[in-house]
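If you read the sequence shown in UniProt numbering, its first letter stands for residue 1, the second for the next number, and so on. No residue lacks a Cβ here, since even glycine has one placed at the ideal position from N, Cα and C. Here the structure is laid out as structure tokens; the discussion comes afterwards.
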Amino acid sequence: MQTTLGRLNRPGHPALSWRYTPGALPTVMFLTGFRSDMTGSKALHLERHCATRGQGYIRFDYRGHGASGGRFEEGCIGDWTADTLAVLDTVAPPGPVVLVGSSMGGWIMLLVALARPDRVKGLVGIAPAPDFTEDLIRPNLGPEQKEALARDGMFLAPSAYGEPIPITRRLLEDGARHLVLRAPLPIRCPVHLLHGQQDPDVPWQTSLRLAGALASTAVTVELIKDGDHRLSREEDLRRIATALDRVLEQVAQGPSTGSSARSPSR
């Protein structure tokens with residue numbers, strides 16, 4: 001299948017880069033993690049897997065990420081969710097979609113499922129990190145970081161994966177407005193969550209907490225005892241592809257695994 005490369009231009013917002021491989025519905029959309037981009041091993045592996053299946057597939061970069069416009073430090077959860085909705089609404093063909101969210105993408109996929117219950121028919125979460133700004137960043141802020149946030153609106157956090165990451169006051173404040181684990185989640189589509197038990201960034205218990213919050217009865221949590229946060233080893237990539245296949249099969253089985261109702265405001 002011929003992959004199409006495109007750029008979504010939106011008045012008043014940074015342009016978004018995307019790649020679409022046409023195929024059968026539901027279309028699979030890959031949502032990257034915090035400061036990751038669509039050229040990562042998981043995004044590429046699933047693109048090849050979906051092409052082999054003949055399944056439609058989209059990967060893209062949020063604003064401030066990868067090949068898209070904008071500055072990373074100016075973005076926040078609400079912005080990146082809006083970017084995902086824009087790609088879903090304008091790039092994806094009409095019809096059902098299955099979202100695959102990695103780390104922060106696992107938070108965004110939940111917000112998108114709540115915003116588009118008529119479109120989102122299945123979810124795959126890879127080390128999902130819902131509410132990470134409130135649950136993982138804010139409680140661990142030191143005095144110097146709090147002072148920098150108050151004074152400069154930002155501090156640089158060390159990263160095991162590359163250059164320090166700017167953490168902004170806007171990111172934390174906006175994240176607090178998009179929390180999803182403080183109440184039951186009215187999402188009823190099939191969900192498969194994969195989480196490494198050696199994940200140093202997002203506790204694997206987060207996936208259990210998420211599974212408990214979901215209204216869906218078709219929820220699988222797959223714990224990988226020796227898995228890290230990235231889950232990018234060959235065996236991990238195969239697990240992710242198998243999880244996607246399972247969710248697609250569940251979606252194909254019919255309406256008993258329908259999507260979500262809109263979330264109440266928080």
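The continuous beta strand (DSSP E) containing S17 extends over residues 13-21. In the structure shown, A24 adopts extended strand secondary structure according to DSSP, grouped into three states. In the DSSP annotation of this structure, the continuous segment of the alpha helix (DSSP H) that includes H45 starts and ends at 41-53. The residue among H178, A82, R233, M154 with its C-alpha nearest the C-alpha of L31 is A82. Judged by DSSP secondary structure, E222 falls within the beta strand (DSSP E) whose first and last residues are 219-224. Three or more beta-carbon pairs separated by less than 8 Å link the region 208-225 to the region 185-195, which places the two stretches in contact. Sequence-distant Cβ neighbours of A115 in its own chain, meaning closer than 7 Å and more than five residues away, are L85. Between W107 and D135, the C-beta spacing is not below 8 Å.
Q2 counts as exposed, since fewer than 16 other C-beta atoms from the protein chains shown sit within 10 angstroms of its C-beta. Per DSSP, reduced to three states, the secondary structure at I187 is coil, with no helix or strand assignment.
A distance of 8 Å or more separates the beta carbons of R119 and V100. Apart from the 5 residues on each side of it in sequence, A157 sits with its Cβ closer than 7 Å to the Cβ of P164, I165, I167 in its chain, given in chain order.
Nearest Cα to R239 within the set L110, L111, L46: L46.
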